[in-house]
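If you're matching positions, the sequence shown starts at 3 in the working numbering and goes up one per residue. Every residue, glycine too, gets a C-beta built ideally from N, C-alpha and C. Since this is a predicted model, take the numbers as computed values, not measurements.
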Amino acid sequence: MAPSASASGFNHTQATLRALLEIGCEVGARYDNSARFIKRASERPKHLVLPTSEQFERFVAEVENGGSRFSRSCADLVRFLAFGGCRKGEAANITWADADLQKGEIVVRGDAVTGTKSWSVRRVPMIPDMKRLLERLRGERPDAQTGDPVMQVRECQAAMNRAAKRVGMARITHHDLRHLFATRCIESGVDIPTVARWLGHKDGGALAMRVYGHLRDHHSVEMAQKVTSAAVEKTT
3 MAPSASASGF NHTQATLRAL LEIGCEVGAR YDNSARFIKR ASERPKHLVL PTSEQFERFV
63 AEVENGGSRF SRSCADLVRF LAFGGCRKGE AANITWADAD LQKGEIVVRG DAVTGTKSWS
123 VRRVPMIPDM KRLLERLRGE RPDAQTGDPV MQVRECQAAM NRAAKRVGMA RITHHDLRHL
183 FATRCIESGV DIPTVARWLG HKDGGALAMR VYGHLRDHHS VEMAQKVTSA AVEKTT
C-alpha cells in the first residue's frame, strides 16, 4: 500500500489494522498482533498555499454566482468555515441555538453521536466577519427554529474547484479554509495557543506551532521593522 498511498492514509490504515488485530488477541482468536511490526510512514507537513484576501473575495463571489440552486448556500459555507475554523462535519451540525449573537460566540458540539474530533465541546468567539455573516443569515431566515442548522449545505467541494479554476488560484479544500482562519488570526496578532484552543486542539498548541509557527516568526520580523530609533527615544 505504501507506494501508492499518502503517508497519512497509510498510517490511518496501519492504526486501524493494528487495533482490529488487537481485538482478535483479546478475544483469543489470535496469539499475537503482527501489525505491530508495520512501521508508520513519515508524514511531512502540508505546504499551505492559501489565497490572499483579494483572491478569497473573488473566489467566494465566483462560488456564489456559480448558477446552481445551492450556489449561495455554498458561498455561505465557505465563509463560515473561513471565519470560524470549524471542520466540515462540525459546521454541518451547528444550529441556531449554538450561534449566540448576543454573546458573540459559537458552541461547537460536532455530530450528535460521535461529537467533535477531540470529543469535547468548545466555544469559539465570533470574529467581526463571522458575526456579520450570521446576522445576515438570521435576517434572511426570521422563521428559523433554534434547532435548525445554520448551514444549508454540508459540503461544496465541486463548487470550490470550479471557482478556484475560474479565478486562477490553487485548489483549496474545506479543511484549507480552517487553515485560512488560523492563518488570518495569527497574522492579526492572536497568539498560537489561543488559536489552537479555538480550533479544538487539546495539545496546548503543539500541533498549531508546527503548522503555523513560521507565520509567527514572519510576523515578528515584520513588527520589528516598525521599531524606529525615534520610538525608542520616546520610551527612554
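Inset, instruction - Would you mind sorting MET3 into buried or exposed? The rule is 16 or more other CB atoms within 10 Å of its CB. - result: Position 1 of the sequence shown, counted from the first residue, corresponds to residue 3. It counts as exposed.
Inset, instruction - Assign SER190 to one of two classes, buried (16 or more other C-beta atoms within 10 Å of its C-beta) or exposed (fewer than that). - result: Translated into the one-based positions of the sequence shown, residue 190 becomes position 188. Of the other Cβ atoms in all chains shown, fewer than 16 fall within 10 Å of the Cβ of SER190; this residue is therefore exposed.
Legend entry - Residue environment, SER75, which counts as buried when at least 16 other CB atoms sit within 10 Å: Position 73 of the sequence shown holds residue 75. By the Cβ neighbour-count rule, SER75 is buried, with 16 or more other Cβ atoms within 10 Å of its own.
Inset, instruction - State the Cα-Cα distance for the pair LEU249 and GLN159, rounded to the nearest angstrom. - result: In the structure as shown, the chain starts at 3 and stops at 238, and residue 249 therefore has no counterpart that could be examined.
Legend entry - Beta bridge counterpart(s) of VAL192 as assigned by DSSP: Along the sequence shown, one-based indexing puts residue 192 at 190. According to DSSP, which records beta bridges pairwise, VAL192 is partnered with nothing at all.
Legend entry - Close beta carbons around VAL123, own chain, < 6 Å, minus the five adjacent residues each side: Residue 123 sits at position 121 when you count from the first residue of the sequence shown. Only ARG111 meet the Cβ criterion.
Legend entry - Nearest-angstrom Cα separation, counted from TYR33 out to ARG164: Taking the first residue of the sequence shown as position 1, residue 164 is located at position 162. Taking the first residue of the sequence shown as position 1, residue 33 is located at position 31. Approximately 52 Å, taken between the alpha carbons.
Legend entry - N- and C-terminal bounds of the beta strand (DSSP E) containing ILE108: Counted from its first residue, the sequence shown places residue 108 at position 106. 107-110 is the extent of the beta strand (DSSP E) around ILE108.
Inset, instruction - Please look up how many angstroms separate the CB atoms of GLU107 and VAL80, rounded, as I've assumed it's under 8 Å. - result: As a working note, residue 107 is residue 105 in the sequence shown. As a working note, residue 80 is residue 78 in the sequence shown. In fact, because the Cβ distance is near 21 Å, the residues do not count as touching under 8 Å.
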